Amino acid sequence: MWDSFHYNTLEELKQAAATVGEDLPLSENISLLNQPLQIWQHTLPNRLAIQPMEGCDGEVDGSPGELTFRRYRRFAESGGALIWEEATAIVPEGRANPRQLMLTEKNLDSFRRLTDEIREYSQRKNGFAPLLILQATHSGRYSKPQGTPAPLIAYHNPIFEQKVPIDDARIVSDDYLKRLPEQYAKTAVLAAKAGFDGVDIKACHRYLMSELLSAYTRPGLYGGDFENRTRLFRESLEAVKAAVPSSFGITSRLNLYDGFPYPNGFGISPQGGLAPDLTEPIRLIEMLQKQMGIEVLDCTIGNPYFNPHVNRPFDKGPYSPPEHPLTGVARMCHCIMTVKKAFPDLKIISSGYSYLRQFGANLAAGMLEQGGADMAGFGRQAFAYPDFAEDILQKGAMNPKKCCLTCSKCTELMRAGSKAGCVLRDKDVYLPLYQRDVLKNSSRKGGKRYNVTPYKSKSE
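The working numbering applies: residue 233 is where the sequence shown begins, and numbers increase by one.
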């Protein structure tokens, strides 16, 4: 076991990475993050994005709630040039919780008010309006529309189901999947009407679209070979493209690597092992770029429900990770840099900076400096430190006293069915929720909090 994050200088961090055999692309040239970037027809004033982080605080009808508005006002004032709004369900049964956002004709005005406020607050504080992207999703295996598990799965995955088997009736049919492109298109049309600049067809973190990419064992039109496993993704993108104005952007937050062995993971070699094999992800991205006209891609890896050490390394979490957190950070960088090298004309938004605290800005600058990405996306860091972008851009550094401490309490809140936010940095709002929904429930259950188990290979 290793010590928790304790690095006070960039040199200490570099030495720690070298000790575990990793070479992180760290740079002191933070000013690179202040450069403009062209995305679609928009010129962004900087290279900082706020990644989609679910607050689980919408209303029953799917409209933004009071805390949703509060969170996005804070994000708006941050100074980041891109705000990627959190997962928004395309169908009621695909909601991850009863308060997950869901855009409909009936609540369109509330989403329009949200985009208007984001632009207004940012314009007043920063002198520009950020690019706004809505993330359209189907939660699939992690659907809980009424607050209790109601999974809709692409196939049985023995890794996930070893403790709690899922009935065959929960495997979605081909007929069900055939209807989803129309739902993605409807959500995209509404997103354009609500004032968003683009839509993300979410294909990451093992939600339904992501799970289908690894549906090697599924029979029928949506499983087996590469063409079938990517069918829903491609058809959904095509349906969206046909439905929205040409000026409306289309993108995806895409898993390059799941971290599970074949045949239960995407971005993995059929020959075995857990090392990333990006042969299929690169093949897919080539199709997205050449056939679908995708110009922007937000890249990530792992599954926050089952192997969070892969995509969001932590100091405190539900299990002891099988690797040093800096190994996880380096893997994320390597996967994203591999894609950027293969597609130099594609605008790549990178992920995975929060574990490095104040040095996340140095890694973000290094990724740009070495041509590994075009823009840096910060997720849980924005929960803890919503004005991180302002400090990077105006002061040239992040304040360690404001940074995310990777304690996983925001995740505990979400797993407990509560509203998610930073318990330590935003304690007036979220500490009472944590005490009520996590600590009291944990006490009643004998101290157990949330159940996440990492996958380990037989050699570990």
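Even glycine gets a Cβ: it sits at the ideal position worked out from N, Cα and C.
Here the structure is a predicted model, which means the values were calculated and not measured.
Between Glu291 and the rest of its own chain, which residues show a CB-CB distance below 6 Å, the 5 nearest in sequence each way excluded?
By 1-based counting over the sequence shown, the position of residue 291 is 59. Leaving aside the five residues that flank Glu291 on each side, the residues in its chain whose CB is nearer than 6 Å to its CB run, in chain order, Gly297.
Proximity winner among Ala386, Met630, Gly604 and Glu317, relative to Gly326 (alpha-carbon distances):
Locating residue 326 in the sequence shown gives position 94, where the first residue counts as 1. When only C-alpha atoms are compared, the closest one is Ala386.
Report yes if the C-beta distance between Leu363 and Leu314 is below 8 Å; otherwise report no.
By one-based count along the sequence shown, residue 363 stands at place 131. By one-based count along the sequence shown, residue 314 stands at place 82. In this structure, Leu314 lies closer than 8 Å to Leu363 by Cβ.
What residues in its chain sit with their C-beta under 7 Å from that of Pro377, if we drop five residues either side in the sequence?
Position 145 of the sequence shown, counted from the start, is the residue given in the question as residue 377. Same-chain partners within the cutoff: Pro324, Glu325, Arg327 and Pro330.
Close Cβ partners of Thr770 (< 8 Å) along its chain, the five nearest in sequence each way excluded
What is shown of the chain runs 233 to 692, which leaves residue 770 out entirely.
CA-to-CA distance, Ala593 to Leu510, given in whole angstroms:
Position 278 of the sequence shown, counted from the first residue, corresponds to residue 510. Position 361 of the sequence shown, counted from the first residue, corresponds to residue 593. Their Cα atoms are separated by approximately 26 Å.
In the region 502-537, which residue ranges form an unbroken beta strand (DSSP E) of at least 3 residues, counting only runs that do not cross its ends?
528-532
What three-state label does DSSP hand Asp348 in the structure shown?
On the sequence shown, position 116 is the one that residue 348 refers to. Residue state, collapsed to three classes: helix.
From the DSSP output, read off the bridge partner residues of Lys579.
Here the question's residue 579 lines up with position 347 in the sequence shown. Partner(s): Val528.
Which stretch, first to last residue, makes up the beta strand (DSSP E) that contains Ala368?
Working through the sequence shown from its first residue, we reach residue 368 at position 136. Note, Ala368: beta strand (DSSP E), Leu363 to Thr369.
Residue from Tyr408, His370, Ala401 and Ser468 whose Cα sits closest to the Cα of Cys436
Against the sequence shown, residue 436 aligns to sequence position 204. Residue His370 is the option with its Cα nearest to Cys436.
Kindly give me the distance between the Cβ atoms of Glu286 and Ala614, rounded to whole angstroms, as I take these residues to be in contact under 8 Å.
Translated into positions along the sequence shown, residue 286 becomes position 54. Translated into positions along the sequence shown, residue 614 becomes position 382. Actually they do not touch by this definition, with Cβ atoms about 12 Å apart.
Would a C-beta distance cut-off of 8 Å place Lys548 and Ser640 closer than the cut-off?
Within the sequence shown, residue 548 is the residue found at index 316, counting from 1. Within the sequence shown, residue 640 is the residue found at index 408, counting from 1. Going by C-beta atoms, Lys548 is nearer than 8 Å to Ser640.
By DSSP's criteria, Arg485 is part of a beta bridge. Which residues make up the other side?
Position 253 of the sequence shown, counting from 1, holds the residue named residue 485. Beta-bridge partners of Arg485 (DSSP): Asp530.
Whole-Å CB distance - Cys635 paired with Tyr662, under 8 Å assumed
Here residue 635 refers to the residue found at position 403 of the sequence shown. Here residue 662 refers to the residue found at position 430 of the sequence shown. About 16 Å separates the two Cβ atoms, so there is no contact after all.
How is Gly592 classed by DSSP in three states: helix, strand or coil?
Sequence index remark: in the sequence shown, residue 592 carries index 360 (1-based). Gly592 falls in the helix class under three-state DSSP.
DSSP-derived helix/strand/coil call for Val323
Counted from its first residue, the sequence shown places residue 323 at position 91. Correct three-state label for Val323: coil.
Can you tell me which of the three DSSP states Gln270 falls into?
By 1-based counting over the sequence shown, the position of residue 270 is 38. In the structure shown, Gln270 sits in a strand (DSSP, three-state: E or B).
In three-state DSSP terms, what is Glu243?
Taking the first residue of the sequence shown as 1, we reach residue 243 at position 11. Helix.
Report yes if the CB atom of Leu506 is closer than 8 Å to the CB atom of Cys567, and no otherwise.
Counting from one through the sequence shown, the residue named residue 506 turns up at place 274. Counting from one through the sequence shown, the residue named residue 567 turns up at place 335. Result no, Cβ atoms of Leu506 and Cys567 do not sit closer than 8 Å.
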